[in-house]
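In what follows, a single structure is set out as structure tokens and then discussed.
This is how it looks when you write it as structure tokens:
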């Protein structure tokens, strides 16, 4: 296979379409610039959110250009000049941006070689590039990319006619590369938006109401001691010269604020009933095959709670106004996942044209989906209106971050299957209840930014939606990867949203795979077949089988010896049914709480760009998935979110982290997929299966807390 | 009000109320951005610094209690541009994802290693339990700290 000129980064495209993000941004000059100091600037629109994407994209550029990796500079995206690459989400950056950068760099290299050949009166076959220096066969003269490149040379549209390199010749892609952003972070140099200092910058803090959507009746501005209170409708905040003064003033102001009304939240103990009875829109996603007349019918229901992003660094933005009235311009520094979509929603909320707003991306703390990065940008813009042209930096408090950022939606899932006499699944039914999994900006005529709902007049924030399959939202990974001949998959998307939700890593995949893979174990037990064999019996996809077999071998599944109070479990899924394959085996021991002792993850992301980057992402997804499965649930009463501190919303600690082993299957002949969300879902399911194995009784509601285990044992 | 303190070996006088959390003095008055805000209540470790060699949460440490003492931040670990063995080990192991928690983790580890140069796995995990990491880089960070401890013992 290695000598076939395959095109691994390229997802299928129509004959007349350009690859990846080039389709909407064909200008070569939008992507690349040769700098006088001998570096190459890549100016893509995808953003670093802690996943190491800039490093992988730099590897791709260096590879195609034939320059050393350290010559590549990945510039931060800005709406002022960057191509609009949409949102950095869905594990699509390598597919979209990687494909574009690969073709751009291959074409730019060819253009530069063409220029050099013309200059020296030779053919391009006689030229050889080493680290950007072009040598001519048999002559001593050399030139460089930087000597030849002019801005005008790249003021043309990409043709994608230059075939990129064959992966079998790769020197840089596929080898571990050090992250381009990490030295700053480890040495403590300013790198995050929290660290940006602009001349004359003020500090702002927001006062949130006592209940979601409450109306501000009154407050005592004189209590904002040392700062200035800022009000717009029911939006309230404070700006001050010093950060700690702004924090104190916001606390004092909050104590004086009187609010009325607000949304009533569901009864926490009746969440499952709420999900099933709330107003919803029903959709049949798959209906195929005729259900068999006979067989053994098995049913079970599963649930997952609301989960918080819970980044260690709260959301932050800086905003600055220039000019007033209709000519006012706004500049925002933000760690958003989508600079253009944020700009669109800022324009709606502030009732001004988009072309008067610039959004610059600056890195933030870890991002696992649509958190409050966009919300705080509007907060900063609103507070900066009172700052007479000075920039204002706003950081949310820990309480606001855990209580007011959008959550990953709760889900309730009913499964039903029919087994034939040979233990084969002949009918499969999956019915889910969930809010939509996206409230991202830029997709609705109304803004989705939190504070837009508190302005005078307030915007009504849109109810979360789902994107269509295969990506999906609540239905992500609701379609089983197994060869079930008869399937009925349906969903109920809630049309009310008392608790604000949006995209969180793997979206509906975590809940759906938890349900599907738990149920597969229940069916295997009903059929009297061992769980790994039962899965393989229903799976013909060779890449799916390969990750299951690799995980089973690495974990020594067959030789596992069950000690008292311990167990193991397996789960499998192909992310979005179209992306990375992952099988996970979890080993647990039951002490006072569940302790996950080992996770073995076998992963196939197609052609690997940066092996260490993939392993790092898989390890991280595994640990975060463990935290979700064992500990995490947003708590609330009828009036507000109550889990607003690390004590009320605990996440996995150092002493609780399992050993994680990653088995990477590199496929030179398969398109590269994202890695960041590959194992999140199967990790949760594998742990649930391991707990059921250890306990002898199954828990069908996450998280798997000590209380749930005790209740399950008591019921036994 | 003016308060004297030593940060990374340098004497400073700071004009701020003595109740000001050390975190904001470091970040905003002294421009040392490596110490990070995470929760403001000492529960996440993102703002850990050394105060006379002991690990403290800078968000929870009023300026007056640092007066006359020696504060070490992540910027002060490196000597003459050479990364501290802990920082080098974090780079070697690529022991981070978003990196936001890293400086606090490194400072906790620095405090631990000066008191206990050969920590067991158990010692390490116990010492780091107040440092939260959301990206799941724990295993790499533990590996990096062990590598650094080894280098420091033999260095």
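Protein chains in written order, with the numbering used here: chain A, 9 to 724; chain B, 256 to 410.
Beta carbons: idealized from backbone N, C-alpha and C, even for Gly.
Determine the burial state of residue i: buried for a count of at least 16 other Cβ atoms within 10 Å of its Cβ, exposed for fewer.
i              : result
residue 116(A) : buried
residue 503(A) : exposed
residue 655(A) : exposed
residue 601(A) : exposed
residue 218(A) : exposed
residue 528(A) : buried
residue 724(A) : exposed
residue 11(A)  : The predicted model places residue 11(A) with a pLDDT of 36, which falls under 50 and marks its position as unreliable; any figure quoted below should be read in that light. By the neighbour-count rule (16 or more Cβ atoms within 10 Å), residue 11(A) is not buried but exposed.
residue 438(A) : buried
residue 409(B) : exposed
residue 13(A)  : No answer about residue 13(A) holds up, because its pLDDT of 40 lies below 50 and its placement is not dependable.
residue 401(A) : buried
residue 550(A) : exposed
Going by the beta-carbon positions, is the gap between residue i and residue j smaller than 8 Å?
i              : j              : result
residue 359(B) : residue 291(B) : yes
residue 172(A) : residue 114(A) : yes
residue 389(A) : residue 399(A) : no
residue 285(A) : residue 499(A) : no
residue 369(A) : residue 512(A) : no
residue 28(A)  : residue 108(A) : yes
residue 246(A) : residue 224(A) : no
residue 365(A) : residue 403(A) : no
residue 53(A)  : residue 91(A)  : yes
residue 270(A) : residue 220(A) : yes
residue 141(A) : residue 132(A) : no
residue 328(B) : residue 281(B) : yes
residue 346(A) : residue 506(A) : no
residue 407(B) : residue 340(B) : yes
residue 380(A) : residue 409(A) : yes
residue 605(A) : residue 595(A) : yes
Would a check of beta-carbon distances place residue i closer than 8 Å to chain B?
i              : result
residue 144(A) : no
residue 54(A)  : no
residue 575(A) : no
residue 345(A) : no
residue 382(A) : no
residue 663(A) : yes
residue 594(A) : no
residue 750(A) : Past the boundaries of the shown model lies residue 750(A); chain A is included only from 9 to 724, so the question cannot be answered.
residue 99(A)  : no
residue 715(A) : no
residue 231(A) : no
residue 405(A) : yes
residue 654(A) : yes
At the 8 Å Cβ level, is residue i part of the contact set with chain A, yes or no?
i              : result
residue 315(B) : no
residue 264(B) : no
residue 387(B) : yes
residue 380(B) : yes
residue 270(B) : no
residue 384(B) : yes
residue 283(B) : yes
residue 393(B) : yes
residue 325(B) : no
residue 288(B) : yes
residue 374(B) : no
residue 257(B) : no
residue 303(B) : no
Terminal residues of the continuous alpha helix (DSSP H) containing residue i?
i              : result
residue 110(A) : 107-128
residue 353(A) : 347-358
residue 407(B) : 393-409
Which first and last residues belong to the beta strand (DSSP E) in which residue i is found?
i              : result
residue 516(A) : Counting along the chain, residue 516(A) falls outside any beta strand (DSSP E), and DSSP gives it neither H nor E.
residue 40(A)  : 40-42
residue 410(A) : From DSSP, residue 410(A) is part of no beta strand (DSSP E) but of the alpha helix (DSSP H) over 406-412.
residue 342(A) : 337-342
residue 672(A) : 667-672
For residue i, would you say it is in contact with chain E, using Cβ-to-Cβ distances shorter than 8 Å as the test?
i              : result
residue 504(A) : In the structure shown, chain E cannot be found, because the protein chains are A and B.
>> If the cut-off is 9 Å on Cβ atoms, which residues from the region 190-201 of chain A count as contacting chain B, listed in chain order?
In response: Cβ contacts with chain B come from 190, 191, 192, 193, 194, 195, 196, 197, 198, 199, 200.
>> Along the region 667-695 of chain A, where does the CB come closer than 9 Å to a CB of chain B? Name the residues.
In response: Correct list: 667, 668.
> Which residues, taken in chain order from the region 620-643 of chain A, show a beta carbon closer than 9 Å to some beta carbon of chain B?
Replying inline: Cβ contacts with chain B: 620, 621, 624, 625, 627, 628, 629, 630, 631, 632, 633, 634, 635.
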